[in-house]
Amino acid sequence: MAAKGAGSLGKKHVGVASSILISKIITIILTGASFIVVARLLGPSTYGIYTLALAFAGIFYPFSDMGISVAILKLMTEYISTKKTALLHRTLANGYTLLLISGAIFTVLMIAISGFAAVHLFNNPSATLALQIAALTIIASAIYNFSYSILIALGAGGDLTKTVAVQAFVQMSVSIGLALIGFGALAPIIGLLASTVIGLFVALAIISKASGFSIFKLGISFSESKSILKFSVPIGLSSVVSGVIQNISLVVLGVYATAAIVGNFGVTFKVVNIFDLMIGSIALALFPLFTSVLSGKKAKYIGGYYNSTLYLTFLLLAPIVFYIVVLAVPFSYTVFGATYSYAPVYIAVMSIGILMTIVYMYTNNLIVSAGKSLKIFKYSVVLAIVQAILLFLIVPKYNGLGLAFIMFIIMPTLTGAVFVRRVQMMFKARLGVGRLLMVSGIALVSALLILPLEFVLGQGIPILIAAVIEQFLLYPFLLAVLKGINHDDISTIRRITTGLPVIDTVASILADYTSLFLR
-15 MAAKGAGSLG
-5 KKHVGVASSI
5 LISKIITIIL
15 TGASFIVVAR
25 LLGPSTYGIY
35 TLALAFAGIF
45 YPFSDMGISV
55 AILKLMTEYI
65 STKKTALLHR
75 TLANGYTLLL
85 ISGAIFTVLM
95 IAISGFAAVH
105 LFNNPSATLA
115 LQIAALTIIA
125 SAIYNFSYSI
135 LIALGAGGDL
145 TKTVAVQAFV
155 QMSVSIGLAL
165 IGFGALAPII
175 GLLASTVIGL
185 FVALAIISKA
195 SGFSIFKLGI
205 SFSESKSILK
215 FSVPIGLSSV
225 VSGVIQNISL
235 VVLGVYATAA
245 IVGNFGVTFK
255 VVNIFDLMIG
265 SIALALFPLF
275 TSVLSGKKAK
285 YIGGYYNSTL
295 YLTFLLLAPI
305 VFYIVVLAVP
315 FSYTVFGATY
325 SYAPVYIAVM
335 SIGILMTIVY
345 MYTNNLIVSA
355 GKSLKIFKYS
365 VVLAIVQAIL
375 LFLIVPKYNG
385 LGLAFIMFII
395 MPTLTGAVFV
405 RRVQMMFKAR
415 LGVGRLLMVS
425 GIALVSALLI
435 LPLEFVLGQG
445 IPILIAAVIE
455 QFLLYPFLLA
465 VLKGINHDDI
475 STIRRITTGL
485 PVIDTVASIL
495 ADYTSLFLR
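Structure representation (structure tokens):
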């Protein structure tokens, strides 16, 4: 059933998902270079201030968005398919207006309390300006992410990639430039803000050309706003709960730990956030797919779609996850330097939790696609209370390591288990745990076989390069020999990637190589 579901994935949705993946790879390369340079220039303590500033802004951001970015994906999918252009334009106008108003309110609120937070929470008055500038990212990110969702709904994969590339280039250039001339923690914050604003202008120009909608046609209509908020508020409440508790967790760490420890945690969080960006973006692209399937004649195959998307994502990301886990020390010291001494342990713990995060995100989007966002909110509240209790029990004693276990091991596992159970009840769809464990186990074995190379090559760049080659050659071989993949899976991968830029070529090479070892 899984192969059947994946084999019938809509080409449009797969194409958009691949464009998102390409855009994220571009982002990783450009902002990753910026991140490494800036982290080395700033050092753990100054980087800790940057981490706390963005975490504080992250507490307010979900309130400004309130699920509107996700709601527009569902509404636009319906309006485009039914060719309701006028209604589509009115909905976009209302969405932008609502976000401008809410974004402005919470931006001003954070600016107003930044001084208090810097002095009384972080015991660092000099962090006030960093918090105030970070507040501007609230309204900028709300409008940009809304526009990003519109591009996905329009199926503008190529334009989406261009938008993200421009944004990533600006962020890299501004962040590194300002860090070099001594802007300290302000450098990456201003870089993020500038890139978001410029990326927004690019996205708006594309949206105007593709849909005929103009940002200058803003306005509030009760009926359209009601349609948006009816769907978005339950989702938004869930986002508020999960987003606030995640960022409060970092703030709590800032209260109990030194800025240097927060900086170590922050650079690690940034590395692992690369996975989160990829997973979250692919999950977002799958949202309209799940919505289309559930509203059409293929609803009975939803279990196949769900398990196939999970399996294919594990197939792609599991070897990367365990590569980083096994090589946490050489990876951290090569990328950040020895000054970030706690980072290797944090990297290993956080990376392992990524696999459970995949299950949670995909399952969450499937439930929301079925219109059960209120259920998600109820679960999110209970789980947030559990996390809050764990924070004050564990973080004061174990600092960053305790927070890493809470955020990346305990909570993703607990949340994933709760949400998977809900999917089983709603769709009679069982999670293909066996195949996911098989792929994960093979990826772990492949990564562990890297360890002997460390005795020969040491813990510098050579081992990192050699390990990439080893994984590329060994992982597909082990997949085939240990039956983690079969001919049907290979055929499915070929079908859904044919004609997709870059993805097609890479997938074809890997599929051909893996097929050599299949019996």
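Position 510 of the sequence shown, counted from 1, bears residue number 494 in our numbering, the numbering being contiguous throughout. Each residue gets a CB set at the ideal place from its N, CA and C atoms; glycine is no exception.
| query | result |
| --- | --- |
| Burial state of T489, where buried means 16 or more other Cβ atoms lie within 10 Å | exposed |
| Contacting residues, own chain, Cβ-Cβ under 7 Å from Y344 (five flanking each side not counted) | P396, T399, G400 and F403 |
| For G425, the nearest candidate out of I336, V313 and A88 (CA to CA) | I336 |
| Length-filtered (4 minimum) alpha helix (DSSP H) runs lying within the segment 127 to 174 | 141 to 164 |
| With 16 other Cβ atoms within 10 Å as the buried cut-off, status of M409 | exposed |
| Close-in-space but distant-in-sequence residues of the same chain around F461 (CB under 7 Å, 5 per side omitted) | F501 |
| Residues of its chain near F306, where Cβ-Cβ distance is below 6 Å and the 5 sequence neighbours each way are ignored | A427, L428 and A431 |
| C-alpha distance - N257 paired with T75, whole-angstrom precision | 32 Å |
| Contact check, L162 vs Y128, beta carbons under 8 Å | no |
| Of the listed residues L433, L113, T30 and K193, nearest to L135 (C-alpha basis) | K193 |
| Same chain, Cβ closer than 6 Å to L420, five either side skipped, listed in chain order | F298 |
| Helix, strand or coil at S125 [DSSP, three-state] | helix |
| Straight-line gap, L296 to N470 (C-alpha atoms, nearest Å) | 12 Å |
| R535 burial status per 10 Å Cβ neighbour count (16 or more: buried) | In the structure as shown, the chain begins at -15 and stops at 503. Residue 535 is therefore absent and cannot be evaluated. |
| Segment limits, alpha helix (DSSP H) that includes S325 | Premise fails: S325 is in no alpha helix (DSSP H) and is neither H nor E. |
| Whole-angstrom C-beta distance between L115 and A101, which should lie under 8 Å | 6 Å |
| Simplified DSSP assignment, three categories, for T397 | helix |
| Enclosing alpha helix (DSSP H) for A111 [first to last residue] | Run containing A111: none; DSSP gives neither H nor E here. |
| Endpoints, alpha helix (DSSP H) assigned at A450 | I445 to V465 |
| Closest Cα partner of L25 within the set G87, P172, F44 and V150 | P172 |
| Distance CB(P28)-CB(G386) smaller than 8 Å | no |
| Outcome for D496 when other beta-carbon atoms lying within 10 angstroms are tallied against a minimum of 16 | exposed |
| Start-end ranges of the beta strand (DSSP E) lying completely within the segment 372 to 446, minimum 3 residues | none |
| Simplified DSSP assignment, three categories, for L311 | coil |
| 8 Å Cβ cutoff met for Q155 and S18 | yes |
| Three-way DSSP call (helix, strand, coil) for R503 in this model | coil |
| Nonlocal neighbours in the same chain, by C-beta distance under 7 Å from V228, ignoring five residues either side | I43 and P46 |
| Cβ shell of A23 (< 6 Å), same chain only, five flanking positions each side left out | Y31, V251 and F320 |
| Coil, strand or helix - G16 by DSSP | helix |
| Local conformation of M340 per DSSP, three classes | helix |
| Rounded C-alpha distance that separates N291 from R414 | 8 Å |
| Counted within 10 angstroms of its Cβ, other Cβ atoms place D472 as buried (16 or more) or exposed | exposed |
| Stretch-stretch touch, CB-based, cutoff 8 Å, three pairs: the segment 308 to 328 with the segment 357 to 370 | no |
| Buried/exposed call for N231, threshold 16 Cβ in 10 Å | buried |
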